[in-house]
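Novice:
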Amino acid sequence: MKIHEYQGKAILARYGVPVPKSRVAFTVQEAEAAAKELGGFVVVKAQIHAGGRGKGGGVKVCKTVDDAVEASKKILGMQLVTHQTGPQGQTVRRLLIEEALPIEKELYLGITLDRVTGKNVFMASSEGGMEIEEVAHHTPEKILKETIEPGIGLQGFQARNLAFGIGLPAASVNAAAKAMIALAKAYDDSDASLAEINPFILLKDGRVMALDAKINIDDNALYRHPDFVDLRDMEEEDPLEVEASKFSLNYIKLDGNIACMVNGAGLAMATMDIIKYAGGEPANFLDVGGGANEEQIKNAFRILLSDTAVKAVLINIFGGILRCDILATGVVNAARELGIGIPVVIRMEGTNVEEGKKIIRESGFNFPVADGMKDAAEKVVKAAQ
Amino acid sequence: MSVLVNKETRLLVQGYTGAQGTFHATQSINYKTNVVGGVTPGKGGTKHLDRPVFDTVDAAVKATGANASVIFVPPPFAADAIMEAAGAGIELIVCITEGIPVRDMIAARQFLQGRKSRLIGPNCPGIITPDECRIGIMPGHIHLRGHVGVVSRSGTLTYEAVGQLTALGIGQSTCIGIGGDPIIGTTHLDAIQLFNDDPDTHAIVMIGEIGGNNEEIAAAWIKDNVKKPVVGFIAGQTAPPGRRMGHAGAIVAGGSGKASDKMAAMEAAGITVCSTPADIGQKIKERLSS
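Just so you know, the protein sequences line up as chains L and U, in that order.
Quick note on the working numbering: the first sequence kicks off at 28 and runs consecutively.
Quick note on the working numbering: the second sequence kicks off at -16 and runs consecutively.
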């Protein structure tokens, strides 16, 4: 789960990571009140679940309350386009009004999982304020790393190694090390799956602060964080994806016109790939899971068809636990109920496949049953043209 | 011959009396797997599917001599179940459960350090040696006894490959689903090493997907060490970056974990990389006959 910058900063502040004074605002009036309270010299920051907000015009430094009001009017409600939002952008519905600070230096801090060692790794870089992927690509030596030992946590010497390593002056090292240890503790306690403080700043007066906070929470661990449930912002998510999640369907919307319904994540990805290979464009990723029932198949169908770009559907099921006859019955019933008007190509293999094919053949629908994945992909690409 | 599991495997089922445990234990018993009993805390002393139920894995191992365990325990308790099995000295632990928090798996993996247990999964279909031993959730009937080892991060994509092989009359020595999570026990490299050492495995199918760099690590080792034909496929060539494609571990993040990088590393190692999964069976046939 992604959360907003202001929510991430609230978590960090609880653990003692220094953050600037700020207020969240949902309206221009609230933004004005916040700017007044903070003394007028503020930064107005769009709150969306994507990076690159500054370049897209979603962050403005303001000298006066009037400036802040003007900036808030402009940013609130705008369709903010960044390299992470896609060309359609994301509507800005929340602002963070934050005190403006005299910055001496921009640095980077981050934590993520090292999948090879199975341990979290703390990263720090002197190259703050830019895309860390770019730093990793061009100057990997500028990213310093310390492994966080499970159950032990980030130690003082590790934090000092990083703080000195990224060029912090000696007088600021202890404060920075304290902030790093606090960040690591917040990460662990919150079941975070990613944390990035970019930039982590050194102020003119020698203090350090988290000027940004990007924190993702492990969805699988949300059950033990009931207080995080309210942090989810549904408006930042695709409505069809939200709808699918209600039925335990794993759906990701894409830009093509061939919808697919598959059981299993690997096969679902491979189905997208083979559609592309056959010259088509997949409209989505959809994994109905290993134990899907008739009801789920019906809902999956409904969600696929509510994407108006879809011109044809490919159903690719390898029956293991999910039997082909159950799938076929679900598809036929859904087609009857929803009144499907576009071509549907079905490819089934595995448990009870003959019964499944018979149900499709006798349904009265003229759904072509494909022979193998390649045949299925070719048939559905043709049908979508 | 085969790897890790065979007729001698004495299997325990953790989460034995639950719906999933019951269904798949029954399937395994029907496949003539030697299921020696199960564990459900609080139900010790009873019988289920004609076999004894124990309160703890420790008690079950002492009574039955079990050397393998399969876990059908819900996510909040699954890492604990893995550690319980390792603590009781189980040699092969297969965890089917999907949705275990990463923090729990960091702890479980740490717990396994220095112990003799091997973990397969979590979030995997399990492991099968055709006609001998089925551990997990795969449809047993699609398999055929033979000489191709299969290792894969995905369940149904493995069935797809196995289905093609069987249709061509090409059997499998052992098929291992290593799982789709970011932290897993047995990796591609581990499985490839086992298949390489098994004289009865004549060729290997290696199926990967986006996320992490386990495929690259395995490819580097294959390049220097494996003489047997290897056919590979990577799922997720069209997946958008930054999105988790169903599996918790299937994500291209910060420019790493891309399908194209994995395919290039595999090709450089002499692996026949299929551009679509529909070719896997045919490519193995070609490599075996050339």
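Virtual Cβ for every residue (Gly too), placed ideally from N, Cα, C.
From a predicted model like this one, the values you see are computed outputs, not experimental measurements.
Quick check: the region 84 to 102 of chain U against the region 148 to 161 of chain U, are there 3 or more CB pairs under 8 Å?
Specialist: no
Novice: What are the start and end residues of the alpha helix (DSSP H) that includes asparagine 13/U?
Specialist: As a first step, residue 13/U is located in the second sequence; it is residue number 30 there, counting from the start. First-last of the alpha helix (DSSP H) with asparagine 13/U: 2 to 13.
Novice: Can a CB atom of chain U be found closer than 8 Å to the CB of methionine 288/L?
Specialist: One-based indexing of the first sequence puts residue 288/L at position 261. Output row for methionine 288/L: interface = no.
Novice: Please tell me whether proline 212/U has its Cβ less than 8 Å away from any Cβ of chain L.
Specialist: Residue numbering aside, residue 212/U sits at position 229 when the second sequence is read from its first letter. Output row for proline 212/U: interface = no.
Novice: Write down the C-beta distance between alanine 52/L and isoleucine 124/L rounded to the nearest angstrom, noting that I regard them as a contact closer than 8 Å.
Specialist: Start at 1 with the first residue of the first sequence, and residue 52/L comes out as number 25. Start at 1 with the first residue of the first sequence, and residue 124/L comes out as number 97. Sure, about 6 Å apart at Cβ, within 8 Å.
Novice: Quick one: which residues of the region 198 to 211 of chain U get their C-beta closer than 9 Å to a C-beta of chain L? List them in chain order.
Specialist: Ile200
Novice: So the candidates are Ile200/U, Arg226/U and Arg227/U; which of them puts its Cα closest to the Cα of lysine 245/U?
Specialist: For the purposes of this step, residue 245/U is identified with residue 262 of the second sequence, where counting begins at 1. Ranked by how close their Cα comes to the Cα of lysine 245/U, the residues Ile200/U, Arg226/U and Arg227/U have Ile200/U in first place.
Novice: What span of residues does the beta strand (DSSP E) with glutamate 19/L cover, start to end?
Specialist: Here chain L has residues from 28 to 412 only, and residue 19/L is not among them.
Novice: Identify, in the order they occur along the chain, each residue of the same chain with its Cβ nearer than 7 Å to the Cβ of leucine 39/L, setting aside the five sequence neighbours on each side.
Specialist: For the purposes of this step, residue 39/L is taken as residue 12 along the first sequence, with counting starting at 1. Closer than 7 Å at Cβ, skipping near neighbours: Val46, Leu210, Ala213, Ala237 and Ala240.
Novice: Closer than 7 Å, Cβ to Cβ, to anything on chain U: give me those residues from the region 236 to 250 of chain L, in chain order.
Specialist: Asp245, Asn247, Ala248 and Tyr250
Novice: Would you mind reading off the limits of the alpha helix (DSSP H) that contains tyrosine 304/L?
Specialist: For this step, residue 304/L is matched to residue 277 along the first sequence. Start and end: 292 to 304.
Novice: Give the DSSP-derived three-state secondary structure of methionine 66/U in the structure shown.
Specialist: By one-based count along the second sequence, residue 66/U stands at place 83. Methionine 66/U: helix per DSSP, three-state reduction.
Novice: Between the beta-carbon of glycine 399/L and the beta-carbon of alanine 261/U, is there less than 8 Å?
Specialist: Along the first sequence, one-based indexing puts residue 399/L at 372. Along the second sequence, one-based indexing puts residue 261/U at 278. It is a contact, given that the beta carbons lie within the stated cut-off.
Novice: In its own chain, which residues sit with a C-beta less than 6 Å from the C-beta of arginine 117/U, not counting the 5 before and 5 after it?
Specialist: Along the second sequence, read from residue 1 onward, the residue named residue 117/U stands at position 134. Once the five neighbours on either side are set aside, the close Cβ partners of arginine 117/U are Ser11, Tyr14, Thr16, Ile111 and Gly123.
Novice: Quick check: what's the CA-CA separation for serine 273/U versus proline 226/L?
Specialist: Looking up residue 273/U in the second sequence gives position 290. Looking up residue 226/L in the first sequence gives position 199. Rounded to the nearest angstrom, the two C-alpha atoms are 57 Å apart.
Novice: Assuming alanine 8/U contacts valine 40/U under a Cβ cut-off of 8 Å, what Cβ separation, rounded to an integer in Å, is found between them?
Specialist: Sequence index remark: in the second sequence, residue 8/U carries index 25 (1-based). Sequence index remark: in the second sequence, residue 40/U carries index 57 (1-based). That pair is no contact at about 15 Å.
Novice: According to a CB-to-CB cut-off of less than 9 Å, which residues of the region 370 to 397 of chain L neighbour chain U?
Specialist: If you check each beta-carbon in the region 370 to 397 of chain L against every beta-carbon of chain U, the ones closer than 9 Å belong to Glu376, Gly377 and Thr378.
Novice: Taking only beta-carbon atoms, is methionine 400/L less than 8 Å away from chain U?
Specialist: As a first step, residue 400/L is located in the first sequence; it is residue number 373 there, counting from the start. Output row for methionine 400/L: interface = yes.
Novice: What residues are listed by DSSP as bridge partners for cysteine 158/U?
Specialist: Position 175 of the second sequence, counted from the start, is the residue given in the question as residue 158/U. DSSP lists Ile111/U and Val133/U as partners of cysteine 158/U.
Novice: Does the beta-carbon of glutamate 250/U have 16 or more other beta-carbons within 10 angstroms, so that it is buried, or is it exposed?
Specialist: Numbered from 1 along the second sequence, position 267 holds the residue referred to as residue 250/U. It counts as exposed.
Novice: Tell me the DSSP secondary structure of leucine 123/L in three-state form.
Specialist: Within the first sequence, residue 123/L is the residue found at index 96, counting from 1. Strand at leucine 123/L.
Novice: Inspect the beta-carbon positions of glycine 138/U and glycine 291/L and report whether they are closer than 8 Å.
Specialist: Here the question's residue 138/U lines up with position 155 in the second sequence. Here the question's residue 291/L lines up with position 264 in the first sequence. It is a contact, given that the beta carbons lie within the stated cut-off.
Novice: Should lysine 82/L go down as buried or exposed, given a rule of 16 or more other Cβ atoms within 10 Å for buried?
Specialist: In the first sequence, counting from the first residue as 1, residue 82/L sits at position 55. Exposed: under 16 other Cβ atoms inside 10 Å.
Novice: Kindly confirm or deny that the region 311 to 328 of chain L and the region 344 to 352 of chain L touch, where touching means at least three C-beta pairs closer than 8 Å.
Specialist: yes
Novice: If contact is defined by three or more beta carbon pairs under 8 Å, each pair taking one atom from either stretch, is the region 243 to 250 of chain L in contact with the region 55 to 74 of chain L?
Specialist: no
Novice: Less than 8 Å between CB atoms is the rule here; does methionine 299/L satisfy it with respect to chain U?
Specialist: The residue you call residue 299/L lines up with position 272 of the first sequence. Yes, contact with chain U.
Novice: Note down, in chain order, every chain U residue with its Cβ under 7 Å from the Cβ of glycine 183/L.
Specialist: Numbered from its first residue, the first sequence carries residue 183/L at position 156. None at all; the shortest Cβ gap to chain U is about 21 Å.
Novice: Check whether the Cβ of valine -4/U lies closer than 8 Å to any Cβ atom in chain L.
Specialist: Working through the second sequence from its first residue, we reach residue -4/U at position 13. Output row for valine -4/U: interface = no.
Novice: Name the one or two DSSP bridge partners that alanine 198/L has.
Specialist: Position 171 of the first sequence, counted from the start, is the residue given in the question as residue 198/L. Paired residue(s): none; alanine 198/L is not in a bridge.
Novice: Hey, valine 337/L and asparagine 284/L: beta-carbon distance below 8 Å or not?
Specialist: Here residue 337/L corresponds to residue number 310 of the first sequence, with the count starting at 1. Here residue 284/L corresponds to residue number 257 of the first sequence, with the count starting at 1. Against a cut-off of 8 Å, the Cβ pair of asparagine 284/L and valine 337/L comes out as a contact.
Novice: Go through its chain and collect everything with a Cβ distance to proline 129/L's Cβ below 8 Å, but skip five positions before and after it.
Specialist: As a working mapping, residue 129/L is identified with position 102 in the first sequence. Hits under 8 Å: Leu230, Lys231 and Asp232.
Novice: Tell me, please, whether the CB atom of proline 105/U is closer than 8 Å to any CB atom in chain L?
Specialist: Stepping through the second sequence from its first residue, residue 105/U is reached at position 122. No, no contact with chain L.
Novice: To the nearest angstrom, report how far apart aspartate 300/L and glycine 219/U are at their CA atoms.
Specialist: For the purposes of this step, residue 300/L is taken as the residue at position 273 of the first sequence. For the purposes of this step, residue 219/U is taken as the residue at position 236 of the second sequence. In a straight line, the C-alpha of aspartate 300/L is about 7 Å away from that of glycine 219/U.
Novice: Between which two residues does the beta strand (DSSP E) harbouring threonine 356/L extend?
Specialist: Position 329 of the first sequence, counting from 1, holds the residue named residue 356/L. That residue, threonine 356/L, is in no beta strand (DSSP E); its alpha helix (DSSP H) goes 351 to 365.
Novice: Looking at C-alpha atoms only, which residue of Thr169/U, Val19/U, Ile153/U and Ala2/U is the closest neighbour of glycine 48/U?
Specialist: Within the second sequence, residue 48/U is the residue found at index 65, counting from 1. Minimum Cα distance to glycine 48/U is reached at Val19/U.
Novice: How would you write the range of the beta strand (DSSP E) that glutamate 160/L sits in, first residue to last?
Specialist: Reading the first sequence from its first residue, position 133 is the one you call residue 160/L. Per DSSP, glutamate 160/L belongs to no beta strand (DSSP E); it is in the alpha helix (DSSP H), 159 to 165.
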